[in-house]
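Engineer: The listed protein sequences correspond, in order, to chains R and V.
In case it helps, numbering that gives the first Met the number 0 puts the first sequence at residues 0 to 201.
In case it helps, numbering that gives the first Met the number 0 puts the second sequence at residues 0 to 201.
Even glycine gets a Cβ: it sits at the ideal position worked out from N, Cα and C.
These numbers were taken from a predicted model, which means no experiment stands behind them.
There are 2 protein chains.
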Amino acid sequence: MAKGSDTRNTILEQAMATSSRLGLDGLSIGGLARDVGLSKSGLFAHFGSKEELQLEVLAAGVEKFIEAVVKPALGTARGEPRVRALFAGWLGWPEREDLPGGCPFMSAAYELDDRPGPVRDQFVIYQSQWLSTVARSAAGAVEEKHFGKGLDVEQFAWEFQAILMAYHYYLRLLRDDQARERAEHAFERLIRDSKAQATVSS
Amino acid sequence: MAKGSDTRNTILEQAMATSSRLGLDGLSIGGLARDVGLSKSGLFAHFGSKEELQLEVLAAGVEKFIEAVVKPALGTARGEPRVRALFAGWLGWPEREDLPGGCPFMSAAYELDDRPGPVRDQFVIYQSQWLSTVARSAAGAVEEKHFGKGLDVEQFAWEFQAILMAYHYYLRLLRDDQARERAEHAFERLIRDSKAQATVSS
DNA sequence: GCCACAATAGCACGACCGTTCGTTTTTGTC
DNA sequence: GACAAAAACGAACGGTCGTGCTATTGTGGC
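In C-alpha cells:
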C-alpha cells in the first residue's frame, strides 16, 4: 500500500512550494487540496491537523536542504573548501524552481519569531543545527590552519548567516541582480579576515 | 472635529504593535476593532479597505522609525559618528515596548517578497530610501576621511543591513542574549575594514 | 438649541478557514 | 473474485475574514 505515501509526497512537495511563497501560515488545507487535486477532507486525513502538516512540511524542507546544500559540502575537503562549498551551495538554494518563493526558512524565521508553539520550537532546533554545522566547518578550517587559530567560530557562523540573510533580502525583495556579487564580496571579506584571525577574536 | 484623527492614531498605534508581532498580513479588521474598542465597521470606515490600512500602518511605522533612529543620527557629526549613531540607534529599535514583535519591516520584508501589489511597491521604496540613507552616511565618512576613499558605499550599506538582519534573527527568533554583542563585533570589523579601505573595493 | 456632518454601530453577505463524520471508492492480499 | 484495510470523498459545523449597506450617535459651528 504505497499509494498513501505517494500522495503524501505530492502534497508535501506542493506545500513546500507554497510555503516558500506564502509562508507556513499561508498554507491552507483547502488551497493545498485544490492544488494537488484532492478533496479537503481527503488531504486533511493525511495529517490530522494543520500544525502536524506544518511540522511535516518543515521536516521535508530540512531534508531537501540537507540533500541540496549540506551533503554536497560534506563531500568536499575539510577546511576552507568545505566552508566555501556551504556558502556557494546556499546561494543556489533560494533559486531552485521548486522553491518559487525563495528559502522557506527565511520567511519562517520572521513568521514564527513571535508565535510560541511546537512549530516554532522545532524550527529553532533546525536553525541551531544549521548554524552549528557552519560553525563546525569553520572549526575544521581552523584545524586545517586555513583560518587563524584565534577565530571565534560562533561569530563566524553569525556573520556567515548575516550574509545569507542580506543576500536573500536583496535578491527576493529588492530584486537586485547584483545580490550574488555583493554577497560574494562580503563573504570574501569574511574569509580574508578569518585567515588574518585578528578578525573576530573575543 | 479632531475626534476622528485621534481614534485613527489609536488604531494605527495598535496596528503597528500587532503587525510587529503578526506581520502586515496578520492584521485583521475585526481583531483590531476588538483591541481598540470599536465596531468592525466603525474601524473599517476609517480606511475603506484593508490594503489602505496596511499602507497607512506602513507609513506610520516609517515615520516612527525616522523619528526614533534616523533623526537622532542626523543630529550627530557627519562621518563615522553618524554611521555609528545609525547603527546604535537601530539596535534599540526592535526592542521598543511599542513594538512587541520586533522590527515590523523585517517581517514585512519576507512577507511581501512574493506578493505583488501596491503595498509591496511602497515598501520597496521605503527600504531603498533607508539603504541609501546608510550609504550616504558612509559617503559622508569617506569625505571626512574617516573611511578609506576607495570604499564602495553601496557595499557598505549592504553589509550594514546584513548585520541588522542577523541581529534581529538572533535576538527575536533564537532569543540569543549575545545578539547585541555579536552584532557590535561584526560592525566593528566592518568599520575597521572600511577605514583600511582595502575592504570593499570594486 | 438647531443643523450639518463626521463618527460609530449594527447587521448581513459570500467566501474561506480548520475540523468532524459517515460514506464511498480504490487498493493489495489471499 | 471475495474481503479487509486504506484512501478519498461530500457535506456540514462554527468561526473569522473583508466588505457593503443603513441607521444611530456624537460633535462643532452658528
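Please check the pair L23(R) and L31(R), which I expect to be a contact at CB under 8 Å, by giving their CB distance rounded to whole angstroms.
Structural biologist: For the purposes of this step, residue 23(R) is taken as residue 24 along the first sequence, with counting starting at 1. For the purposes of this step, residue 31(R) is taken as residue 32 along the first sequence, with counting starting at 1. L23(R) to L31(R), Cβ: 12 Å. No contact.
Engineer: I need the straight-line Cα distance from Q128(R) to E79(R), nearest angstrom please.
Structural biologist: Start at 1 with the first residue of the first sequence, and residue 128(R) comes out as number 129. Start at 1 with the first residue of the first sequence, and residue 79(R) comes out as number 80. Q128(R) and E79(R): Cα-Cα distance of roughly 20 Å.
Engineer: Nearest-angstrom Cα distance between K63(R) and S48(R)?
Structural biologist: Taking the first residue of the first sequence as position 1, residue 63(R) is located at position 64. Taking the first residue of the first sequence as position 1, residue 48(R) is located at position 49. K63(R) and S48(R): Cα-Cα distance of roughly 23 Å.
Engineer: Go to F43(R), then tell me how far its alpha helix (DSSP H) extends in each direction, as first and last residue.
Structural biologist: Here residue 43(R) is taken as the residue at index 44 of the first sequence, counted from 1. That run of the alpha helix (DSSP H) goes K39 to F43.
Engineer: Name the chain R residues that come within less than 8 Å of G30(V), Cβ to Cβ?
Structural biologist: Within the second sequence, the letter at position 31 stands for residue 30(V). Here the premise fails: no neighbours, minimum Cβ distance about 15 Å.
Engineer: Given this structure, state the Cα-to-Cα distance separating A58(V) from S4(V), to the nearest angstrom.
Structural biologist: Your numbering for residue 58(V) matches position 59 in the second sequence. Your numbering for residue 4(V) matches position 5 in the second sequence. For A58(V) and S4(V), the distance between alpha carbons rounds to 15 Å.
Engineer: With a threshold of 8 Å between beta-carbons, can T188(R) be considered close to chain V, or not?
Structural biologist: The residue labelled residue 188(R) in the question sits at position 189 within the first sequence. The question names Thr, but residue 188(R) in the sequence shown is Arg. Yes, its Cβ sits closer than 8 Å to a Cβ of chain V.
Engineer: Spell out a yes or no on whether the segment 183 to 194 of chain R and the segment 105 to 123 of chain R are touching, meaning 3 or more CB-CB pairs, one atom from each, closer than 8 Å.
Structural biologist: With the cut-off at 8 Å, the segment 183 to 194 of chain R and the segment 105 to 123 of chain R do not touch.
Engineer: How close, in whole Å, do the beta carbons of A140(R) and V82(R) come, if the pair is a contact with beta carbons under 8 Å?
Structural biologist: In the first sequence, counting from the first residue as 1, residue 140(R) sits at position 141. In the first sequence, counting from the first residue as 1, residue 82(R) sits at position 83. Yes, A140(R) and V82(R) are in contact; Cβ-Cβ is about 5 Å, under 8 Å.
Engineer: What are the boundary residues of the alpha helix (DSSP H) that includes G60(V)?
Structural biologist: Reading the second sequence from its first residue, position 61 is the one you call residue 60(V). Where G60(V) is concerned, the enclosing alpha helix (DSSP H) stretches over K49 to F64.
Engineer: Distance cutoff 8 Å, beta carbons only. Does Y109(V) sit that close to anything in chain R?
Structural biologist: Mapped onto the second sequence, residue 109(V) falls at position 110. At least one chain R Cβ lies under 8 Å of Y109(V).
Engineer: Of all the CB atoms in chain R, is at least one closer than 8 Å to the CB of Y169(V)?
Structural biologist: The count along the second sequence starts at 1 and reaches residue 169(V) at position 170. Chain R, which has a Cβ nearer than 8 Å to the Cβ of Y169(V), makes this yes.
Engineer: Hey, does V61(R) have any beta-carbon neighbour from chain V nearer than 8 Å?
Structural biologist: As a working note, residue 61(R) is residue 62 in the first sequence. No, its Cβ sits nowhere closer than 8 Å to a Cβ of chain V.
Engineer: Decide if A195(V) is buried, meaning its Cβ has at least 16 other Cβ atoms within 10 Å, or exposed.
Structural biologist: Against the second sequence, residue 195(V) aligns to sequence position 196. Flag for A195(V) reads exposed.
Engineer: Measuring only the C-alpha atoms, how far is C102(R) from A108(V)?
Structural biologist: Here residue 102(R) refers to the residue found at position 103 of the first sequence. Here residue 108(V) refers to the residue found at position 109 of the second sequence. Roughly 13 Å between the two C-alpha positions.
Engineer: Please report whether the beta-carbon of Q196(V) lies at a distance below 8 Å from any beta-carbon of chain R.
Structural biologist: Looking up residue 196(V) in the second sequence gives position 197. Closer than 8 Å: no.
Engineer: Please classify E158(R): is it buried, with 16 or more other beta-carbons within 10 angstroms of its beta-carbon, or exposed?
Structural biologist: Translated into positions along the first sequence, residue 158(R) becomes position 159. When all chains shown are included, E158(R) counts as buried.
Engineer: Could you give the DSSP three-state label for Q128(R): helix, strand or coil?
Structural biologist: Indexing the first sequence from 1 puts residue 128(R) at position 129. Three-state DSSP puts Q128(R) in a helix.
Engineer: Would V199(R) count as contacting chain V if we go by Cβ distances under 8 Å?
Structural biologist: Along the first sequence, one-based indexing puts residue 199(R) at 200. Confidence at V199(R) is low in this model, with a pLDDT of 46, below 50, so its placement is unreliable and the value that follows should be read with caution. Yes, V199(R) lies at the interface with chain V (some Cβ there is under 8 Å from its Cβ).
Engineer: So, does the CB of R95(V) fall closer than 8 Å to a CB anywhere in chain R?
Structural biologist: Sequence index remark: in the second sequence, residue 95(V) carries index 96 (1-based). Chain R, which has no Cβ nearer than 8 Å to the Cβ of R95(V), makes this no.
Engineer: So which residues on chain R does G13(V) lean against when the C-beta distance must stay under 7 Å?
Structural biologist: As a first step, residue 13(V) is located in the second sequence; it is residue number 14 there, counting from the start. Reading the sequence as shown, one finds Gln at residue 13(V) and not Gly. Near Q13(V) there are no residues of chain R at all, since even the closest Cβ is about 16 Å away, more than 7 Å.
Engineer: Between E50(R) and chain V, is any beta-carbon pair separated by less than 8 Å?
Structural biologist: Within the first sequence, numbered from 1, the residue matching residue 50(R) stands at position 51. No, E50(R) lies away from the interface with chain V (no Cβ there is under 8 Å from its Cβ).
Engineer: Determine the burial state of P93(V): buried for a count of at least 16 other Cβ atoms within 10 Å of its Cβ, exposed for fewer.
Structural biologist: Within the second sequence, the letter at position 94 stands for residue 93(V). The residue is buried, with at least 16 neighbouring Cβ atoms inside 10 Å.
Engineer: Y125(R) and V68(R): beta carbons closer than 8 Å?
Structural biologist: As a first step, residue 125(R) is located in the first sequence; it is residue number 126 there, counting from the start. As a first step, residue 68(R) is located in the first sequence; it is residue number 69 there, counting from the start. No, the Cβ-Cβ distance between Y125(R) and V68(R) is not below 8 Å.
Engineer: On a Cα-Cα basis, can you pick out the residue from V35(V), F104(V) and S136(V) that is closest to H167(V)?
Structural biologist: The residue given as residue 167(V) occupies position 168 in the second sequence. The candidate whose alpha carbon is nearest that of H167(V) is F104(V).
Engineer: Return the residues of the segment 156 to 167 of chain R that lie within a Cβ-Cβ distance of less than 7 Å from chain V, sorted by chain order.
Structural biologist: Within the segment 156 to 167 of chain R, the qualifying residues are W157, E158, Q160, A161, I162, M164 and A165.
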